[in-house]
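Trainee: Quick one: the structure is below, questions incoming.
Number of protein chains: 2
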Amino acid sequence: MHEVHVGEDLRGRNEEIAGENRKILREKGIVSFNLMSAPGAGKTSLLVSTIPLLRERSRIAVIEGDLQTSRDAERIAALGIEVFQIETGGVCHLDAAMVHSALHALDLDSIDMLFIENVGNLVCPAEFDLGEDARVMLLSVTEGDDKPKKYPLMFTESRLLLLNKIDLLPHVEFDLEKAKGEALDINPKLEIREISCKTGKGIEEWIGWIERFRETSGGS
Amino acid sequence: MHEVHVGEDLRGRNEEIAGENRKILREKGIVSFNLMSAPGAGKTSLLVSTIPLLRERSRIAVIEGDLQTSRDAERIAALGIEVFQIETGGVCHLDAAMVHSALHALDLDSIDMLFIENVGNLVCPAEFDLGEDARVMLLSVTEGDDKPKKYPLMFTESRLLLLNKIDLLPHVEFDLEKAKGEALDINPKLEIREISCKTGKGIEEWIGWIERFRETSGGS
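Pasting the structure below:
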């Protein structure tokens, strides 16, 4: 059973490296976001929608986590920004050490905002602090409104929940108010926004959230 | 990193218990299926669509794996069949020992078909043999046609791939032929069916697959 065998030592070591990552990022004035979701919820599509709007004001880099393939990294690299690809080789989440290696490889003096796209998995990524400033999770409405109570840890650990693919609401059974209510039962501080990467709905509000977060968190 | 710390000992122990489970199930003439997918791909909905059609000819039980909550188990129990609920308490997959406990609790003399619904996760469940006769994975078309190469192990380990939610094809960008081609590149023996639990399309063919599998695998 994974949870048991990760063990306190490994967790302690992850926390330690996450702390180093956080220190490096703060010293460089870089605000950082860890994007987490189930497979196919739209993390890469969100970045593809977001980066062109943010890059006027921000110098952005992306760390892309994938089990296999560099497909997502290629989609991001096509935007002309710096991307560091982590192929985990089957490991189901990023950890702080993987991100630490990426931080050594990126030109941190030339960026002020970092997105870390985690492996598509609604369970394990939530257990690993990467040293990010905020965790942002995506839940696609096609996944069902019962997910908060079934996968509570990720909702507990996230600062912002993006309900994605709301363009598909007419075609699926998904009760927005139920999903929001259950997410807030688990984490009353969770902020929630509705978006569609396909139609662009809510993307401006998400950009606004990022900008406000940066101002209040003291990032550059 | 989970994969490393599962370790050979733990894997060996899992294989051993999976072998015991397989022996028990064969002695009782029970054919068994391990259903795997990302969260929200429709495993429970598939069972809810399937069981009423199968129960005329088969005596069915279900083992339901969930991190938290018994919601899925309640949906299945409402059909009036025997359900054993495993709450993993945060562990991101079922293992053979969990299923072994369930086999002790179920009345194995009164059933001839067992469905095991794994935890919603496209990564870790594929690493754990439960002693089942066949692994069946669901991929919802809302998850994207790039998933086979990004999450190859589950495609390698499955005998049947059900492409679910095909009623949503007009509303999403999903290239069926690309997804099938890439899945077959990974596992040339993989059988593939298209289904919609919502409209019922393909459910008869899936039932037919189950019946043929049972006949050819020598189950009762």
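Residue numbers (our numbering), protein chains in the order written: chain A, 175 to 394; chain B, 175 to 394. C-beta atoms are modelled at their ideal positions from N, C-alpha and C, and glycine is treated no differently. Since the structure is predicted, the reported quantities are computational estimates derived from the model, not experimental observations.
Could you tell me the alpha carbon to alpha carbon distance between residue 295 of chain B and residue 201 of chain A, rounded to whole angstroms?
Mentor: Each residue's alpha carbon lies about 36 Å from the other.
Trainee: Along the alpha helix (DSSP H) that carries residue 249 of chain A, what are the first and last residues, could you check?
Mentor: Its alpha helix (DSSP H) spans residues 245–251.
Trainee: Return yes when the Cβ of residue 270 of chain B is within less than 8 Å of the Cβ of residue 192 of chain B, no when it is not.
Mentor: Contact flag set, yes.
Trainee: Which residues in the same chain have their Cβ closer than 8 Å to the Cβ of residue 352 of chain B, if we skip the five residues on either side of it in sequence?
Mentor: Cβ within range, chain order: 319.
Trainee: Which of the three DSSP states is assigned to residue 176 of chain A in this structure?
Mentor: Below a pLDDT of 50, predicted positions are generally treated as unreliable, and residue 176 of chain A, at 28, falls in that range; the measurement from the model is reported next regardless. Here residue 176 of chain A sits in helix by DSSP.
Trainee: Within this structure, are the beta carbons of residue 242 of chain A and residue 326 of chain B separated by less than 8 Å?
Mentor: Contact flag set, yes.
Trainee: Where residue 345 of chain B and residue 194 of chain A are concerned, what is the direct C-alpha to C-alpha distance, given to the nearest angstrom?
Mentor: Distance between the alpha carbons of residue 345 of chain B and residue 194 of chain A is about 44 Å.
Trainee: How big is the Cα-Cα spacing for residue 322 of chain A and residue 282 of chain B?
Mentor: Roughly 34 Å separates the two Cα atoms.
Trainee: 8 Å is my cut-off, CB to CB: does residue 213 of chain B come that close to chain E?
Mentor: Protein chains in the displayed structure are A and B, and chain E is not among them.
Trainee: Count the C-beta pairs between the segment 221–231 of chain A and the segment 299–317 of chain B that are closer than 8 Å, then say yes if the count reaches three, no if not.
Mentor: Contact between the segment 221–231 of chain A and the segment 299–317 of chain B is absent, because fewer than three Cβ pairs lie under 8 Å.
Trainee: Quick one: list the residues of chain A neighbouring residue 152 of chain B, beta-carbon separation under 7 Å, in chain order.
Mentor: This structure leaves residue 152 of chain B out entirely; chain B is present only between 175 and 394.
Trainee: At a Cβ threshold of 8 Å, is residue 326 of chain B touching chain A?
Mentor: Closer than 8 Å: yes.
Trainee: How about residue 209 of chain A and residue 290 of chain A: do their beta carbons lie closer than 8 Å?
Mentor: Yes, these two residues count as a Cβ contact at 8 Å.
Trainee: In chain B, which residues lie with their C-beta within 8 Å of the C-beta of residue 359 of chain A?
Mentor: Result: empty, since nearest Cβ-Cβ is about 12 Å, beyond 8 Å.
Trainee: Please decide whether residue 186 of chain A counts as near chain B, where near means a Cβ-Cβ distance under 8 Å.
Mentor: Residue 186 of chain A does not count as touching chain B.
Trainee: Scan the segment 262–294 of chain B for residues whose Cβ lies nearer than 9 Å to a Cβ of chain A and list them as they occur along the chain.
Mentor: Hits within the stretch, in order: 262, 263, 264, 265, 266, 267, 269, 271, 272, 293, 294.
Trainee: What are the uninterrupted segments assigned as alpha helix (DSSP H) that are 4 or more residues long and contained completely in the segment 325–361 of chain B, given in chain order?
Mentor: Fully enclosed alpha helix (DSSP H) runs of 4 or longer: 326–331, 350–360.
Trainee: Mapping the DSSP letters down to three states, classify residue 314 of chain B as helix, strand or coil.
Mentor: Looking at residue 314 of chain B - three-state DSSP - the assignment turns out to be strand.
Trainee: Distance cutoff 8 Å, beta carbons only. Does residue 177 of chain A sit that close to anything in chain B?
Mentor: Because residue 177 of chain A sits at a pLDDT of 31, beneath the cut-off of 50, its placement in the model cannot be relied upon, and the following sentence gives the value as read from the coordinates. Judged by the 8 Å Cβ criterion, residue 177 of chain A is in contact with chain B.
Trainee: Measuring straight from C-alpha to C-alpha, what distance separates residue 374 of chain B and residue 255 of chain B?
Mentor: In a straight line, the C-alpha of residue 374 of chain B is about 21 Å away from that of residue 255 of chain B.
Trainee: What span of residues does the beta strand (DSSP E) with residue 367 of chain B cover, start to end?
Mentor: From DSSP, the beta strand (DSSP E) with residue 367 of chain B extends over 365–368.
Trainee: Would you say residue 314 of chain A faces chain B, with C-beta separation under 8 Å as the test?
Mentor: At least one chain B Cβ lies under 8 Å of residue 314 of chain A.
Trainee: Tell me which residue opens and which closes the beta strand (DSSP E) that residue 387 of chain B is part of.
Mentor: Taken as a continuous stretch (DSSP letters only), residue 387 of chain B belongs to no beta strand (DSSP E), being part of the alpha helix (DSSP H) at 377–391.
Trainee: Just verifying my parser: in three-state terms, what is the DSSP assignment at residue 292 of chain B?
Mentor: The answer is coil: DSSP assigns residue 292 of chain B none of H, G, I, E or B.
Trainee: Does residue 193 of chain B get closer than 8 Å to chain A when you measure Cβ to Cβ?
Mentor: Residue 193 of chain B does not count as touching chain A.
Trainee: Restricting to Cα atoms, I'd like to know which of B/329, B/362, B/387 is closest to residue 212 of chain B.
Mentor: Nearest of B/329, B/362, B/387 to residue 212 of chain B, Cα basis: B/329.
Trainee: Counting only the same chain and skipping the five closest in sequence on each side, list residues whose C-beta sits under 7 Å from that of residue 280 of chain A.
Mentor: For residue 280 of chain A, where only same-chain residues beyond five positions count, the Cβ hits under 7 Å are 235, 256, 258.
Trainee: Distance check for residue 252 of chain A and residue 261 of chain B, CA to CA, integer angstroms please.
Mentor: Distance between the alpha carbons of residue 261 of chain B and residue 252 of chain A: 43 Å.
Trainee: Using a Cβ cut-off of 9 Å, pull out every chain A residue sitting near residue 309 of chain B, in sequence order please.
Mentor: What residue 309 of chain B touches in chain A: nothing, since even the nearest Cβ is about 17 Å away.
Trainee: Compute the distance between the beta-carbons of residue 364 of chain A and residue 335 of chain A, then report whether it is under 8 Å.
Mentor: Cβ atoms of residue 364 of chain A and residue 335 of chain A: closer than 8 Å.
Trainee: Just the Cα atoms here: how many angstroms apart are residue 384 of chain A and residue 372 of chain B?
Mentor: Residue 384 of chain A and residue 372 of chain B: Cα-Cα distance of roughly 37 Å.
Trainee: Can you name the residues of chain A whose CB is closer than 7 Å to the CB of residue 243 of chain B?
Mentor: Ordered by position in chain A, the residues that pass the 7 Å Cβ test against residue 243 of chain B are 323, 324.
Trainee: Got a sec? Which residues, its chain only, sit under 6 Å from residue 361 of chain B by beta carbon, not counting five neighbours each side?
Mentor: Counting only Cβ-Cβ distances below 6 Å, and skipping sequence neighbours, we find 329, 330.
Trainee: Considering only the alpha carbon of each residue, which of B/359, B/356, B/301, B/354 lies closest to residue 265 of chain A?
Mentor: The candidate whose alpha carbon is nearest that of residue 265 of chain A is B/301.
Trainee: Can you pull the chain B neighbours of residue 297 of chain A, defined as C-beta to C-beta under 9 Å?
Mentor: Simply 213, 241, 264, 265, 266, 267, 293, 294, 295, 297, 298.
Trainee: Looking at the C-beta of residue 342 of chain A, does it have a partner C-beta in chain B at a distance below 8 Å?
Mentor: Output row for residue 342 of chain A: interface = yes.
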